[in-house]
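Trainee: Okay, handing you the structure first.
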Ligand code: FAD
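In UniProt numbering, the protein residues as written are 1 to 564.
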């Protein structure tokens, strides 16, 4: 099966091999090309110009949805319980304006081309993110079982780590056709991607990440120490063992699409992207005069937290805010974590099919915690005269901290240490502790790795910490499906195409990170927002632009398959 014939003949994607993009194997639709084509995303009948559409959540997904609906001449009405930006939240250190900490998304793979469409459009600067062993990272320390390894490049590490990396490479090649899949993604050969994936999917859906590793010939041969080290050091961004209980499908989607590689950060903080979408006034919109922005349409602030979603007798969807204001809309897009629809928002049950509710309820979210301190300067670049090494390095460890990142903006300026970034069980260990208690324990761990380096003496200002699972507007960091959850994800993702739903269940669309197949990556927030835009346009009687088929047009041919 190939969809090349369904794309315009001039589409470069159909013929040339190029870089890896986040072409998700479940639905390898080229959202970046869709966004780039001058024809645009479609049109609604002119008599509908100015029609209000509710968008719940002012995170990246909600803002992309609202921004594109505005460009089509509709009037998005955004509701937000807390801050514009959602999980792209940047905190500042009050005593040093401009010194920031990204509490949620912080490093964005260059393969996420739909995400970068907006970064580029809004003219935001980006820089390489200092991941372990990345070219921009001057040194990395791996500390396992009390043994410390210093490396400036991967070649500096003992052969054991190369064996671990080779075992992983062999495991994904032998068990999951990694090289073939990457070739197909480079060529944007959707037919090949689907053939490979559709064959693997039923075999893999019920396997954990750990089961996949432990069952692979390469890791069986290498032995437990290699599996253990792989879990602690992992690939790309660092240790992945807290992901071991999750479905291997989740991991394959990440590695096939290089989501774990070549990360960049947004200068000034990730929240600048949603904030810029809110402020931006695109030219040449349908209906709205130049100078109109989401901010101007909302007179400066989104509406408040949504408390109830129901359907009126005339079929419109009714939204009630926390403090009682109500309004009705012909269409609603929800972009908050979907399980908030049952835990925090009174959502009328009849709005979704029962199977979709099951999918919402069964979703599994990762916990995640980060703790930052500001320091007087990037003192870690000082050279230890005894070793000739920098006194502190980007650090991966099996201690509580798990990963420590060093972030600076040049010498003689305050800098930031992300003392610890953790997921799942490792994140829960911090949950009951306040910021100071966390910092004390983290410094204690680092003292064992770097005896004699007095990090505390460099700390200025108050520490900043977050546990996303403790925030009632999120209740978790991001979704990670467990084995056997593919069917749930397929229902959530495909819900935006509503032609087979009864009238009484149409008009409400799910978008956002957890509706995507790549939860935990902002690319999925963007692309599911675009799906919802397509859904709303169709629901209102509009259509895609000629020559630029949208996700709904291609869903049946290259969309996620159903398992029985
Ligand atoms: P959200 O940002 O969650 O937006 C939903 C919005 O809905 C929120 O603003 C929320 O306040 C609001 N809301 C909730 N309830 C209500 C209500 N009742 N009424 C109105 N509004 C409501 N991605 C990457 O690409 N790279 C990374 O390095 C990365 N790291 C991450 C690390 C962490 C710790 C976390 C948490 C996420 C990370 N991500 C990363 C994922 C990325 O942050 C998300 O994909 C993206 O921010 C999700 O955007 P969204 O709009 O889908 O959801």
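Glycine residues also receive a C-beta, built at the ideal position from the N, C-alpha and C atoms. Values in this document were obtained by computation on a predicted structure and should not be read as measured data.
#1: Going by the beta-carbon positions, is the gap between residue 372 and residue 463 smaller than 8 Å?
#2: Using the C-alpha atoms, what's the distance from residue 317 back to residue 332?
#3: Could you tell me the boundaries of the beta strand (DSSP E) in which residue 418 lies?
#4: Of the choices 177, 73, 208, 206, whose alpha-carbon is the least far from that of residue 195?
#5: So, for residue 107: in the same chain, excluding its five sequence neighbours on each side, which residues have a beta-carbon less than 8 Å away from its beta-carbon?
#6: If you run the structure through DSSP and keep just helix, strand and coil, what is residue 152?
#7: With DSSP as the reference, please indicate the residues paired to residue 395 in a beta bridge.
#8: If I measure Cβ to Cβ from residue 134 and keep anything under 8 Å in the same chain, skipping five residues before and after, which residues do I get?
#9: Can you list, in chain order, the residues of its chain with a C-beta nearer than 8 Å to that of residue 383? Leave out the 5 residues immediately preceding and following it.
#10: Check for me: the beta strand (DSSP E) holding residue 326 runs from which residue to which?
#11: Which residue marks the beginning of the alpha helix (DSSP H) containing residue 524, and which one marks its end?
#12: Quick one: Cα of residue 192 to Cα of residue 450, how far?
#13: Three-state secondary structure (DSSP) at residue 181?
#14: CB-CB under 6 Å to residue 19, same chain, minus the five flanking residues each way: which ones, in chain order?
#15: Check whether the stretch 33-43 touches the stretch 537-546, counting contact only when three or more Cβ pairs, one atom from each stretch, lie closer than 8 Å.
#16: Label residue 325 either buried or exposed according to how many other C-beta atoms from any shown protein chain fall within 10 Å of its C-beta, with 16 as the threshold for buried.
#17: Between residue 534 and residue 547, is the Cβ-Cβ spacing less than 8 Å?
#18: Any chance the stretch 392-403 sits against the stretch 340-360, with 3 or more Cβ pairs inside 8 Å?
#19: Taking 8 Å as the cut-off, decide whether the C-beta atoms of residue 565 and residue 510 are in contact.
#20: Going by CA-CA distance only, name the one from 168, 229, 124, 365 that's closest to residue 215.
#21: Whose C-beta lies closer than 8 Å to the C-beta of residue 321 among residues of the same chain, with five residues either side of it excluded?
#22: Is DSSP giving residue 390 helix, strand or coil here?
#23: Sort 413, 370, 355, 358 by Cα distance to residue 378 and report the nearest one.
#24: DSSP state of residue 64, grouped into three classes?
#25: Count the other CB atoms, across all protein chains shown, that sit within 10 Å of the CB of residue 558; report buried if there are 16 or more and exposed otherwise.
#26: Near residue 11, what residues of its chain come up, given a Cβ to Cβ distance below 6 Å and the 5 sequence neighbours on each side ignored?
#27: Among 517, 58, 223, whose alpha-carbon lies nearest the alpha-carbon of residue 567?
#28: Do you know offhand how far residue 105's Cα is from residue 366's?
#29: Between the stretch 502-509 and the stretch 459-473, can you find at least three pairs of beta-carbon atoms closer than 8 Å?
#30: If I'm right that residue 204 touches residue 70 with Cβ under 8 Å, what's the distance once you round it to whole angstroms?
#31: Taking only three categories from DSSP, how would you classify residue 431?
#32: Using 8 Å as the Cβ pair cut-off and three pairs as the minimum, do the stretch 475-488 and the stretch 514-527 touch?
#33: Helix, strand or coil, according to DSSP, for residue 207 in the structure here?
#34: Compute the distance between the beta-carbons of residue 259 and residue 17, then report whether it is under 8 Å.
#35: Is residue 360 helix, strand or coil when you go by DSSP?
#36: Is the beta carbon of residue 337 within less than 7 Å of some heavy atom of the ligand FAD?
Mentor: Quick look at the numbers:
#1: Their beta carbons are under 8 Å apart, which means residue 372 touches residue 463 by this criterion.
#2: Rounded to the nearest angstrom, the two C-alpha atoms are 7 Å apart.
#3: Boundaries of the beta strand (DSSP E) harbouring residue 418: 415-423, taken from the DSSP string.
#4: Ranking the options by Cα distance to residue 195, first place goes to 177.
#5: Cβ within range, chain order: 129, 131, 237, 263, 264, 265.
#6: DSSP places residue 152 in coil when its eight states are reduced to three.
#7: In DSSP, residue 395 forms a bridge with 141, 404.
#8: Excluding positions up to five away in sequence, the list reads 128, 263.
#9: Result list for residue 383: 389, 390, 391, in chain order.
#10: 326-329 is the span of the beta strand (DSSP E), which, as asked, contains residue 326.
#11: Run containing residue 524: 522-539, per the alpha helix (DSSP H) assignment.
#12: If I take the Cα positions, the gap works out to 49 Å.
#13: Of the three classes helix, strand and coil, the one that applies to residue 181 here is helix, per DSSP.
#14: Excluding residues within five positions, none has a Cβ falling inside 6 Å.
#15: These segments touch.
#16: Of the other Cβ atoms in all chains shown, fewer than 16 fall within 10 Å of the Cβ of residue 325; this residue is therefore exposed.
#17: The answer is no: Cβ separation not under 8 Å.
#18: These segments do not touch.
#19: Residue 565 falls outside the range modelled here, since the chain spans only 1 to 564, and no answer is possible.
#20: Taking each of 168, 229, 124, 365 in turn and checking the Cα distance to residue 215, the smallest one comes out for 168.
#21: Same-chain partners within the cutoff: 79, 303, 304, 305, 306, 307.
#22: Reduced to three states, the DSSP call for residue 390 is strand.
#23: Per the C-alpha coordinates, the member of 413, 370, 355, 358 positioned closest to residue 378 is 413.
#24: Of the three classes helix, strand and coil, the one that applies to residue 64 here is helix, per DSSP.
#25: Residue 558 is buried by the Cβ-count criterion.
#26: Residue confidence for residue 11 is low, a pLDDT of 37 falling below 50, so the modelled location carries little weight; the figure read from the coordinates is stated next. Taken in chain order, the list of residues that qualify is empty.
#27: This structure cannot speak to residue 567, because the chain is shown only from 1 to 564.
#28: Distance between the alpha carbons of residue 105 and residue 366: 14 Å.
#29: Contact check between the stretch 459-473 and the stretch 502-509: fewer than three CB pairs, one atom from each, fall below 8 Å, which does not count as touching.
#30: 40 Å between Cβ atoms; not a contact.
#31: Residue 431 falls in the helix class under three-state DSSP.
#32: Touching, per the Cβ criterion.
#33: Three-state result, residue 207: coil.
#34: No. Outside cutoff.
#35: In the structure shown, residue 360 sits in a helix (DSSP, three-state: H, G or I).
#36: Correct: residue 337 has its Cβ closer than 7 Å to the ligand FAD.
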